[in-house]
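In this note's numbering, the protein residues as written are 1 to 310.
In this text, a Cβ means the ideal position worked out from N, Cα and C, and glycines have one as well.
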């Protein structure tokens, strides 16, 4: 079994983001954990467990999981371990923003069982970070990496975004060099997508931003592919590369169509050809669980063509 826990809270919505998030200055960590553990209790009789009772991976995604208190992460992991067997070699990943990573936070994550951190870097260029509405500085990235390494967490992934508008003057080669210098075990490189109802989508609709042309997009992808190979990374999936032995096991489980349970607002679950998903908004999710109801919003059964595409 593979678990995904969606933590929706963010300090600010990034310019390109259309994920299910809740912008909060003060994060309701306790209320969030209370709601997730109520959903967890409801899911214990789910038939999905019959096929895969042992938890092999746990992934805290978002949103920004590092925005909730480390103790909140601990509460959830302790409850999961009390109710289900977590494999001795389980991969337990936490997504984090650089500005949230301190020595004490990283040490607490490690003490609670987190053994992998996915750090949302996106770029090392201050102008680009500002344009993206990111809330960290380039200088905070190596500081965060040092804190993670010092905590004993030995598996680090960095996220970067390529294919940005040419007018930004972003040096993709330089960003890659900065990332390689930090020696992460894994890199996720995502091509920018313009989504409706995001700041970037509105800028594009108004003609204020011109998306990158296909030739430049392809050139940046190929540059990254060659650089990854030169630095010893296996480019094992279109957006992901790892040093030998460091493929992302949780994401790989999705690609293998292994059974998974999702907890939290907008989280998806799946077994075989069935997919389920929760209500998207944090407030609705919390309200349903507080009243003893399931947060499930819908389900579907994939046909053979959809399974093949997936």
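Would you mind stating whether residue i and residue j have Cβ atoms separated by less than 7 Å?
i	j	result
residue 202	residue 12	no
residue 212	residue 165	yes
residue 291	residue 240	no
residue 106	residue 147	yes
residue 74	residue 7	no
residue 250	residue 39	no
residue 175	residue 104	no
residue 84	residue 114	no
residue 246	residue 185	yes
residue 302	residue 16	no
residue 67	residue 37	no
residue 195	residue 18	yes
residue 22	residue 255	no
residue 20	residue 280	yes
residue 128	residue 76	no
residue 9	residue 24	yes
residue 160	residue 119	no
Going by DSSP, name the residue or residues bridged to residue i.
i	result
residue 231	Bridge partners of residue 231: none, in fact.
residue 190	161
residue 73	Residue 73 is not bridged to any residue.
residue 156	117
residue 277	268, 298
residue 135	Paired residues: none, contrary to the question.
residue 9	22
residue 93	59, 116
residue 4	59, 262
residue 86	55
residue 122	160
Take residue i and list the residues in its own chain whose beta-carbon comes closer than 8 Å to its own, dropping the five residues that flank it on each side.
i	result
residue 259	1, 2, 48, 51, 52, 270, 271, 272
residue 167	209, 210
residue 71	29, 108
residue 232	243, 244
residue 126	137, 138
residue 102	147
residue 135	11, 12, 97, 99
residue 180	227, 231
residue 253	2, 56, 57, 260
Excluding sequence positions up to five away, which residues of its chain have a Cβ less than 6 Å from the Cβ of residue i?
i	result
residue 288	295
residue 110	151, 152, 153
residue 117	94, 96, 148, 153, 156
residue 262	4, 268, 269
residue 299	276
residue 112	73, 74, 77
Take residue i and list the residues in its own chain whose beta-carbon comes closer than 7 Å to its own, dropping the five residues that flank it on each side.
i	result
residue 140	98, 99
residue 163	191, 192, 212, 217, 220
residue 227	176
residue 286	31, 35
residue 86	55, 80
residue 170	123, 125, 128, 164
residue 69	29
residue 297	277, 278, 279
If you run the structure through DSSP and keep just helix, strand and coil, what is residue i?
i	result
residue 58	strand
residue 179	helix
residue 298	strand
residue 106	helix
residue 116	strand
residue 262	strand
residue 236	strand
residue 242	strand
residue 202	helix
residue 65	helix
residue 254	helix
residue 197	coil
residue 15	coil
residue 249	helix
residue 46	coil
residue 34	helix
Does the ligand GDP have even one heavy atom less than 6 Å from the beta-carbon of residue i?
i	result
residue 17	In the structure on display, the ligand GDP does not appear, and there are no ligands present to speak of.
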